[in-house]
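In our numbering, the protein residues as written are 1 to 172.
Structure representation (structure tokens):
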């Protein structure tokens, strides 16, 4: 990897951050990364009868990062009103430490998909509106622990990797 190119990109980004923030509203994403783990921790440690409302506060803090036309996070809030223990356990299992073991991480993600699909069929059979997807689950992971989980757009990330001459496989 070309660390000089990487350093130059970061230096330019930092120097021009105020300009980028005015044009592209960069800071709100970082504010969400600061707020999300606190709110999620509070929700996951709450009593089942409080969980749905606390999860709704977490969902609102994510602004437009997860929910758009489809509403995977909104669906989980709705499902938490009906079965808070299941949704709470889904997130607890997703966030359980895996010590960087990608096999374990993928199993946790798969389990999250399976359990959310079961709730979807139980409460809104045949609906696609509240279905989880790779973006939603990677967002839950990223927002909860941005130092160890990443969220990116593939095309822009490939351009960045090319620019810094990062030739290793950086995943899907």
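Where a beta carbon is used, it is the ideal one built from N, C-alpha and C, also for glycine.
Within the segment 89-147, complete alpha helix (DSSP H) segments of at least 4 residues are found at 102-123, 134-144, given in chain order. Between the segment 154-166 and the segment 131-145, the count of C-beta pairs closer than 8 Å stays below three; the two stretches do not touch.
Excluding residues up to 5 positions away in sequence, 28, 32 lie with their Cβ nearer than 8 Å to the Cβ of residue 63 in the same chain. In this structure, DSSP gives residue 59 a helical state, which the three-state scheme calls helix. In its chain, beyond the 5 residues on either side, 123 have a beta carbon closer than 7 Å to the beta carbon of residue 82. Of the other Cβ atoms in all chains shown, 16 or more fall within 10 Å of the Cβ of residue 75; this residue is therefore buried. In the three-state scheme derived from DSSP, where H, G and I count as helix and E and B as strand, residue 5 is classed as helix.
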